[in-house]
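Positions 1 to 608 (full-length UniProt numbering) are the ones given, in order, by the sequence shown.
Ideal Cβ placement from N, Cα and C applies to all residues, glycine included.
Here the structure is a predicted model, which means the values were calculated and not measured.
Let me begin by presenting the structure, written as C-alpha cells, before commenting on it.
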Amino acid sequence: MNLWLRQLKKDIPADLHTPVELARFELGSALPGLKTELRVQASMGDAYRIDPLDDGSFLLTGGSTGLLYAAYRLITDRLCGQEITRPVSSSPKYALRMINCWDNADGEIERGYAGRSLFFRNGRLDYDADRIRTLGRLLASAGLNVLCINNVNVHYPAQLLLEDYLPDLAALADLFRPFGVKLMVSVDFSQPMRHGVATADPLDPAVRAWWQDTAKRVYAAVPDLAGFLVKADSEGRPGPFTYGRNHADGANMLAEALRPFGGVVVWRCFVYNCRQDWRDTKTDRPKAAWEHYAFLDGAFSDNVILQVKHGPFDFQVREPLSPLLLGMKKTKLAMELQLAQEYTGHQIDLYTMIPMWKELYEELPADNIMSIAAVSNLGDDENYTGHPLAAVNLYTFGLLAWDPDVDMTAAVTRWCRLTYELDPLQEQTLVELLLSSRRTYEKYTAPLGIGWMVTPHDHYGPNPSGYEYDLWGTYHKADRNAVGIDRTHEGTGYLDQYPQYFRDKYGDPASCPDLFLLFYHRLPYTFRMRDGRTLIQRIYDDHFEGLEETRAMADKLSSIVFPEPDASVIRERMDKQLYNAREWCDIINTFFHRLSGIPDEHGRTIYD
Ligand code: GCU
Numbered sequence: 001m002n003l004w005l006r007q008l009k010k011d012i013p014a015d016l017h018t019p020v021e022l023a024r025f026e027l028g029s030a031l032p033g034l035k036t037e038l039r040v041q042a043s044m045g046d047a048y049r050i051d052p053l054d055d056g057s058f059l060l061t062g063g064s065t066g067l068l069y070a071a072y073r074l075i076t077d078r079l080c081g082q083e084i085t086r087p088v089s090s091s092p093k094y095a096l097r098m099i100n101c102w103d104n105a106d107g108e109i110e111r112g113y114a115g116r117s118l119f120f121r122n123g124r125l126d127y128d129a130d131r132i133r134t135l136g137r138l139l140a141s142a143g144l145n146v147l148c149i150n151n152v153n154v155h156y157p158a159q160l161l162l163e164d165y166l167p168d169l170a171a172l173a174d175l176f177r178p179f180g181v182k183l184m185v186s187v188d189f190s191q192p193m194r195h196g197v198a199t200a201d202p203l204d205p206a207v208r209a210w211w212q213d214t215a216k217r218v219y220a221a222v223p224d225l226a227g228f229l230v231k232a233d234s235e236g237r238p239g240p241f242t243y244g245r246n247h248a249d250g251a252n253m254l255a256e257a258l259r260p261f262g263g264v265v266v267w268r269c270f271v272y273n274c275r276q277d278w279r280d281t282k283t284d285r286p287k288a289a290w291e292h293y294a295f296l297d298g299a300f301s302d303n304v305i306l307q308v309k310h311g312p313f314d315f316q317v318r319e320p321l322s323p324l325l326l327g328m329k330k331t332k333l334a335m336e337l338q339l340a341q342e343y344t345g346h347q348i349d350l351y352t353m354i355p356m357w358k359e360l361y362e363e364l365p366a367d368n369i370m371s372i373a374a375v376s377n378l379g380d381d382e383n384y385t386g387h388p389l390a391a392v393n394l395y396t397f398g399l400l401a402w403d404p405d406v407d408m409t410a411a412v413t414r415w416c417r418l419t420y421e422l423d424p425l426q427e428q429t430l431v432e433l434l435l436s437s438r439r440t441y442e443k444y445t446a447p448l449g450i451g452w453m454v455t456p457h458d459h460y461g462p463n464p465s466g467y468e469y470d471l472w473g474t475y476h477k478a479d480r481n482a483v484g485i486d487r488t489h490e491g492t493g494y495l496d497q498y499p500q501y502f503r504d505k506y507g508d509p510a511s512c513p514d515l516f517l518l519f520y521h522r523l524p525y526t527f528r529m530r531d532g533r534t535l536i537q538r539i540y541d542d543h544f545e546g547l548e549e550t551r552a553m554a555d556k557l558s559s560i561v562f563p564e565p566d567a568s569v570i571r572e573r574m575d576k577q578l579y580n581a582r583e584w585c586d587i588i589n590t591f592f593h594r595l596s597g598i599p600d601e602h603g604r605t606i607y608d
C-alpha cells in the first residue's frame, strides 16, 4: 500500500478515544524506545511545541489536537531522517483545513477517480471502520481537520440530518474524533420542503424554525459537527434566488440556526448562468461570482464563510486567482482547491498540484482568506487515491493548509520519503518528475490559459470544440484568424473586477504573462509574443514539447523501482497518459492548423 505512513505498521486500536491517547499510541508504536512527555495546554488548540531535552527525550506541549500534530511531526521527521535538535513551535495558518468529499449516498463519487465511497453504500452510511481509522491517520498526519462527507449536490436519500441517519453520523464522528477530524455535512437548501414546510424562503419563520430545530437535533447527536456546506443557486441546486432573496439572506438564516452550537455555514460561491446561449456575447462566465457576491461584502454573519473556487471558472489547468479572493475584505473567505483531477488527468495522468497552489499564493495578500478547502481525491481503491502518486496532492495540501509558506520541493520530497524507500538518485528523479508534471500536462492540453478544450461532461481527453456551442459559458471562439476572448476593459470588462495593480499586470497583451495570454485577450495567430515567436508557433511548440516531456517522464519513471502493487499501477497509468498526451498534442495542433492554415515552422507532422 502506498500510504505515506505505511511504515507505521500497527493498526490503530478501536479503544482510543482522544487525540492525546492516539498521540501516545502513535509515538509508542512508531518510535519505540524514545522517551516523550506530553503536556496538555488546552489554550494552545492545534498549536504545539516540541522541546528536545538533554537526556535525549522530548517534551511535547500543546492543546489535545496540538499534541497529536506534534506526535506526527516527530514521527514523520524521524522517518525522513531529520532530527529535531532545537525547540520547534508550530501553529496552523487556518483554523479550518477542510476536505470536501463529493460522495453520494449510493456509494458513487461525483468526479471520483479512486473507486467508490469510503463512507456510503446503498443509501446509508456503511463503511469499514479500519479503513476509516487509516484515513483519520492520513488526514491528521497531514494536519487536516474537517471532513465534509457528502456531495455538495445533495442527492436523495442522503438525508443525513434525519433521525434515522443521525446515529450513523454520530458513530462516524466518534471514529474520527481521536484524529481531531470534525465532520461537516452538505445540506440542500430546499430540505425543509421535504419535511412538510411549504417553502424554503430564508425569511419565512417556519423555515427558520425548521432549520433551528434540525440544528438542535443534529448537534445533540454530533456536538462537535463543524457545520454545514451549501451549494445554492448553482448548477440547478435550490437556493434563495427562488424567493427573491440574496445569498446573505440564505447563509445568515442557516448561520443563525448553527450559532448556538458553535457551527459554521460554509457557503459556496460557484454561482453562474449554466444555461447560457453561446450566441450571447454580453455574458462572460468568469464575471459571475463577483457580480453575485461582491456587493454583499460585510453582509454575512460572523459564522458564515464564503468558499470561493481559486479561479473564476472551474478548476482548469490555469486560471487567474478569483477576484473575490482579493476583493471581499469584510467577509470571511475560504479558498477552494480541487484534489480530484477532474480537468487535470483523472488520476491517470501525473499532475502534482503544489506548484499551482504556490503560484496562487504569490498573488494572494497574506490575510485575505481565513480557511482552506479542497475537493477530495479519495475513494475505496486499495491505495485510496487511485494513482499511487496522486496521494502527494492530499499530503501536500495538508502541509500547505498548515503553512502556505511551505517549500514545495521540501513538501514533495517529504511525501516521497515517507511513502517509498528509494535510493537518493531515484528519489530526486521522482521529486523532479512530480514537480514538473503540472507544467507538462498544461503544455499538451489547452493552450495559454484558454482551458475547456476537454471532452464534455467526462473531462478527460481533448475535444477542442466540445464546449463551444454549449450552455456552460466556456468558449474560446477560435476562427481562422484569432482565438480567445477579450476580458479587458474594452472587452467583457472582467479584468475591471481586480485591483489596479492586477489590471496593469494582465491588461496589455504585450506585457501579460504568456501563460495567461489567451485567458485575458483575443489575439491573432500572427501575434508576436515576447520571445519573438508567433502565437500559433507557440501553440504548436508547447504541444510538441508536452508530448516529448511526457515520453521523457515515462522513461524516467520506468527507472524508479517502486514496490508492488504500486509499480504495476504506475506503469499501466503511464501508458494511458502517453496515449492521452499524443491525442491532445495531435488534435489541438491539427485543430489550429486546419483553422489558421499556418504551417509549423519546423515542419513537424500535423494531420490535415
Ligand atoms: C464542476 C463539476 C461538478 C461539480 C461542480 C461544483 O462543475 O463538474 O461535478 O458539481 O463543479 O463544484 O459544484
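Using only the alpha-carbon positions, how far apart do residue i and residue j sit?
i      : j      : result
Cys269 : Ala374 : 14 angstroms
Gly62  : Gly45  : 7 angstroms
Arg417 : Asp566 : 15 angstroms
Thr385 : Arg480 : 42 angstroms
Glu21  : Glu342 : 38 angstroms
Ala482 : Gly466 : 18 angstroms
Phe58  : Asp15  : 26 angstroms
Glu83  : Thr409 : 19 angstroms
Phe176 : Ala95  : 17 angstroms
Thr526 : Leu5   : 52 angstroms
Phe120 : Leu172 : 11 angstroms
Asp11  : Gly136 : 12 angstroms
Lys477 : Cys585 : 19 angstroms
Glu382 : Ala251 : 38 angstroms
Glu583 : Gly461 : 7 angstroms
Ile369 : Asp608 : 49 angstroms
Gln537 : Arg438 : 21 angstroms
Gly227 : Pro365 : 27 angstroms
Asn192 : Ala334 : In the sequence on display, residue 192 carries Pro and not Asn. C-alpha separation (whole angstroms): 27 angstroms.
Ile587 : Ile539 : 12 angstroms
Asn2   : Thr85  : Annotation note: pLDDT 46 at Asn2 (below 50); position unreliable, coordinate value reported separately. Roughly 29 angstroms between the two C-alpha positions.
Asn463 : Asn104 : 28 angstroms
His459 : Pro205 : 43 angstroms
Gly345 : Tyr351 : 7 angstroms
Ala215 : Leu258 : 6 angstroms
Arg414 : Leu203 : 50 angstroms
Arg530 : Pro509 : 10 angstroms
Using 7 angstroms as the cut-off, classify the Cβ of residue i as near or not near the heavy atoms of the ligand GCU, replying yes or no.
i      : result
Val152 : yes
Phe270 : yes
Arg111 : yes
Asp458 : no
Ser322 : no
Ser234 : yes
Glu342 : yes
Asp314 : yes
Lys443 : no
Lys231 : yes
I'd like to know whether the C-beta atoms of residue i and residue j end up nearer to each other than 8 angstroms.
i      : j      : result
Glu108 : Asn153 : no
Val308 : Leu324 : yes
Phe261 : Tyr293 : no
Leu378 : Leu118 : yes
Arg97  : Gly398 : yes
Leu435 : Val412 : yes
Quick one: using the 10 Å Cβ neighbour count with 16 as the cut-off for buried, is residue i buried or exposed?
i      : result
Glu26  : buried
Gln577 : buried
Ser376 : buried
Gln500 : exposed
Gln428 : exposed
Ala42  : exposed
Asn100 : buried
Arg571 : exposed
Gly56  : exposed
Ser568 : exposed
Asn273 : exposed
Ser511 : exposed
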